[in-house]
Amino acid sequence: MDEEASKHHEERRNTLLVLLNCSLLAVGAVGGQLLSRMYFLHGGHKRWLSAFTVTAGFPILILPIAVSYKRRRFLIPARLAAASGLLGLLLGFNSYLYSFGTAYLPVSVASLVGSSQLAFTAAFAFLIVKQRFSHYTVNAVVLMTLGSAVLGFHMDGDIPKGESKGKYALGFFMTIAASATHALFMTLLQYTQGKARVPVDYDVVLQVQLVISMVATLFCAVPMIINGDFQGLQVMIIGSLGLVLCSSSLVAGIVTSLLVPVRQVSAVIFLREGFNAEKGMALTLCLWGFASHLYGRYRAGSEKQDTDDRNPQQFEHGNGNNLA
């Protein structure tokens, strides 16, 4: 009975950690993208600077890590730290790819194209971590991918004034490449934590975030120094270090896609961007896909609860399924 209570307590803590990181992701993904776009709209042109600001807020993690370390003398294993450093290089490169979309695409278009990340996440999760899918998740991936494809059929209509078709197309395809890279990053992070066999708790999440963000920031800082970008540094803080995989890479992709309508509304309100039929169709497909995935998770949770109620021993040993 004590073991069951302890497991429920651990699940509640993990849920709170997931919700906290989802909140940080929402603030950073929406507010950060708007600030970055405003930088380019008002004459900014330094893409490495834009990439730098994505993870430059990592010093904010030092205080909670110090407090946590004083309470509990724990550091992540060296192998996990080294792997996190390599993932930081990948995240830095990914931030640079995203800067093309921020520079050349309206926020409403970039967010919808970026929702293709879910399809890439599903593919990498299947290939790397052997994620199993329900047909609801497959349906969600297909719908959200179609949502991004719809925008590709009518690229001319959203080209900002004074921008060439070539730069718009470059931003479009670089955003797709960035979505694929970020999906690979999240999946490799999940794989790395699984191989390290370190329980995911508050201390691990903070330390992994710090290493990844610090390396990613340094990766972007070197080209900035070479190009002299620090001379044009402006106040532009993006308040999010991303969602660490407390659940799974696929769930992180789903949460990112859920923010698409929020970005759409924010872009229309704050940046006065237009909203045409193609964007409406793409948004509908994305929301439909998210609803499908959410319903699938609800069904899977209900079926698991029914199984646990019928077979209490299975709750203790687990059933090994990993349906997304």
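Residue numbers for the sequence shown follow my numbering, beginning at 1 and rising by one. C-beta atoms are modelled at their ideal positions from N, C-alpha and C, and glycine is treated no differently. A quick note: this is a predicted structure, and the numbers were derived from the prediction, not measured.
- In the structure shown, R197 adopts coil according to DSSP, grouped into three states.
- The closest CA to that of R299, considering only A196, C220, T137 and M186, is found on T137.
- Counting the other CB atoms within 10 Å of its CB gives V67 a total below 16, which places it among the exposed residues.
- The DSSP-derived three-state label of R299 is helix.
- By the beta-carbon neighbour count (other beta carbons within 10 angstroms, threshold 16), L97 is buried.
- Rounded to whole angstroms, G114 and R71 show a C-alpha spacing of 40 angstroms.
- The beta carbons of V129 and T181 sit about 17 angstroms from each other, so the pair does not count as a contact at 8 angstroms.
- Under the 10 Å beta carbon count, I225 is surrounded by fewer than 16 other beta carbons and is classified as exposed.
- Closest in C-alpha terms to L127, from the list P106, V142, V107 and A183, comes A183.
- Using a 10 angstroms sphere on the CB of A103, the tally of other CB atoms reaches 16 or more, which defines it as buried.
- In the DSSP assignment, P64 falls within the alpha helix (DSSP H) that extends over I62 to R71.
- As the crow flies, the alpha-carbon of A83 is around 14 angstroms from that of V205.
- For the set L16, A125, L89 and A140, the Cα lying nearest the Cα of Y295 is the one of A140.
- DSSP places L105 in the coil class of the three-state scheme, outside both helix and strand.
- For the 8 angstroms CB-CB criterion, M144 and G280 do not form a contact.
- A169 places its beta carbon 8 angstroms or farther from that of T55.
- In this structure, the alpha-carbon of T192 lies about 12 angstroms from that of I212.
- Taking the Cβ atoms as the reference, L87 lies roughly 6 angstroms from F185, within the contact range of under 8 angstroms.
- Under the three-state reduction of DSSP output, P77 falls in the coil class, being neither helix nor strand.
- By the Cβ-count criterion, V150 is buried, with 16 or more other Cβ atoms from all chains shown falling within 10 Å of its own Cβ.
- Residue nearest to V107 within the set F172, W48, P223 and A119 is F172 (criterion: CA-CA distance).
- The continuous stretches of alpha helix (DSSP H) do not include F58, and DSSP gives it neither H nor E.
- Rounded to the nearest whole angstrom, the CA to CA distance from L210 to I60 is 9 angstroms.
- Rounded to whole angstroms, A177 and Q190 show a C-alpha spacing of 20 angstroms.
- Secondary structure at K46: coil, using DSSP grouped into helix, strand and coil.
- Pairing T175 with F100 gives a Cβ-Cβ distance under 8 angstroms.
- Counting the other CB atoms within 10 Å of its CB gives G166 a total below 16, which places it among the exposed residues.
- For the options Q207, F219 and A291, the alpha carbon positioned closest to that of A51 is the one of F219.
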